[in-house]
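Colleague:
Protein chains: 2
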Amino acid sequence: MQPPPSATPTLATPILATPSLSDTATRGDGVFERILDMIYRCELPPGAVLNESVLAARFGLSRGPVREAVRRLQGIQLVTREPFTRARVITFDPAAVRDLFEMREALEGYACRLAAERMTDQELDALAADLEAQADKAAAAALDGTPFDFHERIVRASRNGRIVKTLCGDLYHLLRMYRRWSGAAVTRKSEALTEHRQIYRALRNRDGELSESLMRSHIARAAANVISRAPAEAGDTDTSAA
Amino acid sequence: MQPPPSATPTLATPILATPSLSDTATRGDGVFERILDMIYRCELPPGAVLNESVLAARFGLSRGPVREAVRRLQGIQLVTREPFTRARVITFDPAAVRDLFEMREALEGYACRLAAERMTDQELDALAADLEAQADKAAAAALDGTPFDFHERIVRASRNGRIVKTLCGDLYHLLRMYRRWSGAAVTRKSEALTEHRQIYRALRNRDGELSESLMRSHIARAAANVISRAPAEAGDTDTSAA
DNA sequence: ACCGCCCAAAGTGTCGACACTTTCTGTCCT
DNA sequence: AGGACAGAAAGTGTCGACACTTTGGGCGGT
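Protein chains in written order, with UniProt numbering: chain A, 1 to 242; chain B, 1 to 242.
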C-alpha cells in the first residue's frame, strides 16, 4: 500500500520545509518514505552507501528512526546489508533484473487469471472506460504515462491481498527504481495499449487461462524492451553529498 | 555488559543458558530467530501481543534488538502493527490462508517451469535418488517427514533468487506456522509421493508447461486438504506467561 | 621495497532514559 | 445511575552515549 508519494489522505498540505517528515505518523515512517524517494530520484543510486549517522544528521534527527527505516528497506530487499558492514542500495546486475521480471510474470499472470474469475461486471466496465480514456488522451486521470495503472487495477481485482501487497509494494518499488535508473522510458506505448486491449477482452470473456497467458507475454515483452537497453554499471555515491 | 572483560577477547564461547542468542552474529538477529521459534511453537499463537519490554526482559537485553526483530517480523508480514499500538502475531482468517496458497501456487508453479528448463541432469538424478530414498524409508536424510524438501529443491533449481527467497523465506514461515497452528499433519503422504513422481517425470522430460501445471495441481490439492480442517478461532495470549 | 602487525578512525550494535501516544480507571457532573 | 472528562498507567517512539566490529593507514620486521 504505497501509492505514489503524492497522496496526503486527510491532512492539509504541509507548508513546512521538511516535506514528508512532519506529517507522518511516526518519524521512522517519514524517514522510510524520504529515503525511498531519494532512491527513486537516484539521489541514492544503486550501490550507494547508506550511512546511518549521515542520514540522521541530514534529516535532523537521531539514528534510531533512520536505523529502523534502513531495516525496513532491507526487508523489502531494496538495500543489502550484512551484520556489521554498511548498507548499500541494491545494484542491478542482469540476473537480478531477470529474476525480477520473472517473478512479476508469475505473480501478475496469476493475478490476471484470478481477476478474470473475480472481477465484477462493473469493474470491467470501468476498466474499459479508463483504458479508452487513456487511449484518447495521452494521459489518464491524473498520473501521466504510468502504464502501471492498468496493471494495478487488474492486480487489485485479483482479490488476493498478499499478491497485491507484493506486486504493488515490494516489486513495484524495485521495478520503478530500475526504470528510473536505466532511463528506460516507455517507448512501447501503442503496442502496450494493443496488448492491454487484448487482455481486457480475455478478462471480459472470463477466460482465465488466456488472460494469464496474455499477461505473461505482455510482461515478457516489456521486460525484453527494458532490458535491451544496456545497463551501465552503477557508480558509488556517498550519502554525504553536500 | 555481557562480554565479561576477561580473556579471549575475539572468541568467547558462551556457556550461558541462552541457547541460540549468544552465538548469532548480532543480538537483533538472535532475537528474531527466537521470536520466530516462539511463534512456530505456538508459544506465541496467532493474535498474541508482542510487548517489547516484556520480550526484552525475557531475553535479558534491551528493547532495541527486540524492537528491530519485531520490525523484521512485521516486514515479512508475520506480525501486524500500526504506529502506536501493540504488535500482534498475524491471525489466520480463511481469506488469508486462501491468499497464501494461491500465491504459493503461482510462484512455485512458475519456479517449477523454470526448473524444467534450467535443472542440470545431475540435479535431476540426485532429485530422483532422494525421492526414492524417501519413498523407501519413511524419512529422508535427516529431517523426517518434511515434504518441503522436494519442493525446496525444485524451487532452488529455478535459479531465480528472488522467487527462492520469497518461497523459502516469507511464505515458508507463514505456511509452516499455519500448519503448526492448525495441527494439519500431512495425511496425504502416499498421494503426495505419487504426485511428486509425476512432477519429476515432467521435469525429466523438460516439459515446463506440464511441470508447472502439475505443481499447481499438487499445491492446490495440498491446500484443499489443509484447509478442510476447520480452523478454530485463535485466542489471545499474553507474552507475560510466567 | 614487500609483507604483516598494531593502532586509530569510522560505523554499526546496544543500552538506559525520556517524551509522546494510547488505554484504562476513577471521579465528577447532569 | 449513566456518561464524559481528567489523570494515571502502560507501551511505543526517540534520543544521546557507550561498546564492539570492521576498515584503513602507519610502523616495524625481513
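Virtual Cβ for every residue (Gly too), placed ideally from N, Cα, C.
Alpha carbons only, please: which of A/220, A/204 and A/27 is nearest the one belonging to residue 128 of chain A?
Modeller: Residue 128 of chain A has its Cα closest to that of A/204, out of A/220, A/204 and A/27.
Colleague: What does a CB cutoff of less than 8 angstroms around residue 209 of chain B pick up in its chain, not counting 5 residues either side in sequence?
Modeller: Counting only Cβ-Cβ distances below 8 angstroms, and skipping sequence neighbours, we find 113.
Colleague: Along chain A, in chain order, which residues have C-beta atoms closer than 9 angstroms to that of residue 103 of chain B?
Modeller: 107, 110, 160, 162, 163 and 166, listed in chain order.
Colleague: For a cutoff of 9 angstroms on Cβ pairs, would you count residue 46 of chain A as touching chain B?
Modeller: So no, residue 46 of chain A is outside the interface.
Colleague: Let me know the secondary structure DSSP gives residue 91 of chain B once reduced to three states.
Modeller: Of the three classes helix, strand and coil, the one that applies to residue 91 of chain B here is coil, per DSSP.
Colleague: Of the residues B/33, B/224 and B/195, which one's Cα is nearest the Cα of residue 131 of chain B?
Modeller: Of the candidates B/33, B/224 and B/195, the one whose C-alpha sits nearest the C-alpha of residue 131 of chain B is B/195.
Colleague: Check whether the Cβ of residue 219 of chain B sits closer than 8 angstroms to any heavy atom of the ligand MG, and report yes or no.
Modeller: Annotation note on the ligand MG: not contained in the displayed structure, which lists no ligands.
Colleague: Can you tell me where the alpha helix (DSSP H) holding residue 65 of chain A begins and where it ends?
Modeller: Start and end: 63 to 75.
Colleague: Run through the segment 141 to 211 of chain B for me and flag every whole alpha helix (DSSP H) of 4 or more residues, listed as ranges in chain order.
Modeller: Fully enclosed alpha helix (DSSP H) runs of 4 or longer: 148 to 157, 161 to 165, 172 to 182 and 189 to 204.
Colleague: Cα-Cα, which of B/58, B/59, B/84 and B/52 is closest to residue 70 of chain B?
Modeller: Checking every option, the nearest Cα to that of residue 70 of chain B belongs to B/52.
Colleague: Alpha carbons only, please: which of B/31, B/179 and B/198 is nearest the one belonging to residue 228 of chain B?
Modeller: Answer by Cα proximity: B/179.
Colleague: Please check if any C-beta of chain A sits within less than 9 angstroms of the C-beta of residue 133 of chain B.
Modeller: Answer no: the Cβ-Cβ gap between residue 133 of chain B and chain A never drops below 9 angstroms.
Colleague: Using the Cβ count rule (16 or more neighbours within 10 Å means buried), how would you classify residue 84 of chain B?
Modeller: Residue 84 of chain B comes out exposed.
Colleague: Within the continuous alpha helix (DSSP H) that includes residue 131 of chain B, where are the two ends?
Modeller: Residue 131 of chain B -> alpha helix (DSSP H) spans 121 to 136.
Colleague: In whole angstroms, give me the CA-to-CA distance for residue 152 of chain B and residue 59 of chain A.
Modeller: Cα to Cα, residue 152 of chain B sits roughly 43 angstroms from residue 59 of chain A.
Colleague: Can you check whether the CB of residue 173 of chain A is closer than 9 angstroms to the CB of residue 78 of chain A?
Modeller: In this structure, residue 173 of chain A lies closer than 9 angstroms to residue 78 of chain A by Cβ.
Colleague: By the three-class DSSP mapping on this structure, what secondary structure does residue 44 of chain B have?
Modeller: DSSP places residue 44 of chain B in coil when its eight states are reduced to three.
Colleague: Give a yes or no on whether the minimum CB-CB distance between residue 80 of chain B and chain A is below 9 angstroms.
Modeller: By this cut-off, residue 80 of chain B is not an interface position.
Colleague: For residue 99 of chain B, does the count of other Cβ atoms within 10 angstroms reach 16, so buried, or fall short, so exposed?
Modeller: Flag for residue 99 of chain B reads buried.
Colleague: At the 9 angstroms Cβ level, is residue 95 of chain B part of the contact set with chain A, yes or no?
Modeller: So yes, residue 95 of chain B belongs to the interface.
Colleague: Along the segment 66 to 91 of chain B, what residues have a CB closer than 9 angstroms to any CB found in chain A?
Modeller: Flagged, chain order: 67, 68, 71, 72, 74, 75, 76, 77, 82, 83 and 84.
Colleague: Does the segment 158 to 168 of chain A touch the segment 107 to 126 of chain A, meaning 3 or more C-beta pairs lie closer than 8 angstroms?
Modeller: Verdict: yes, contact present.
Colleague: Under a Cβ-count criterion, where at least 16 other Cβ atoms within 10 Å of its own Cβ denotes burial, should residue 62 of chain B be classed as buried or exposed?
Modeller: Burial call: exposed.
Colleague: Tell me which residues share the same chain as residue 150 of chain B and place their Cβ nearer than 7 angstroms to its Cβ, disregarding the 5 neighbours each side in the sequence.
Modeller: Taken in chain order, the residues that qualify are 131 and 196.
Colleague: Using a Cβ cut-off of 9 angstroms, pull out every chain A residue sitting near residue 25 of chain B, in sequence order please.
Modeller: Ordered by position in chain A, the residues that pass the 9 angstroms Cβ test against residue 25 of chain B are 82, 83 and 84.
Colleague: Let me see if you follow: with CB-CB separation under 9 angstroms, is residue 98 of chain B close to chain A or not?
Modeller: Taking Cβ atoms only, chain A reaches closer than 9 angstroms to residue 98 of chain B, which makes this a yes.
Colleague: Just the chain A side, please: which residues come within less than 8 angstroms of residue 114 of chain B by C-beta, in chain order?
Modeller: Going along chain A in sequence order, the residues near residue 114 of chain B (Cβ under 8 angstroms) are 102.
Colleague: Among A/87, A/72, A/116 and A/96, which has the Cα closest to the Cα of residue 214 of chain A?
Modeller: Minimum Cα distance to residue 214 of chain A is reached at A/116.
Colleague: Just how far apart, CA to CA, sit residue 190 of chain B and residue 226 of chain B?
Modeller: Spanning the two alpha carbons is a distance of roughly 16 angstroms.
Colleague: What separation, rounded to the nearest whole angstrom, lies between the Cα atoms of residue 95 of chain B and residue 188 of chain B?
Modeller: Approximately 23 angstroms between the Cα atoms of the pair.
Colleague: Using C-beta distances below 7 angstroms, list every residue in its chain close to residue 65 of chain B, excluding the 5 sequence neighbours before and after it, in chain order.
Modeller: Contacts found: 27, 28 and 31.
Colleague: I'd like to know if residue 29 of chain A contacts chain B, where contact means its C-beta is closer than 9 angstroms to some C-beta of that chain.
Modeller: It does; some Cβ of chain B falls within 9 angstroms.
Colleague: Verify whether the separation of the beta carbon atoms of residue 224 of chain B and residue 211 of chain B is less than 9 angstroms.
Modeller: It is not a contact, given that the beta carbons lie outside the stated cut-off.
Colleague: What's the gap between the Cα of residue 89 of chain B and the Cα of residue 81 of chain A?
Modeller: Cα-Cα distance, rounded: 26 angstroms.
Colleague: Is the separation between the beta-carbon of residue 104 of chain A and that of residue 36 of chain A shorter than 9 angstroms?
Modeller: Taking 9 angstroms as the Cβ cut-off, residue 104 of chain A and residue 36 of chain A do not qualify as a contacting pair.
Colleague: In this structure, does DSSP put residue 214 of chain A in helix, strand or coil?
Modeller: Helix, per DSSP.
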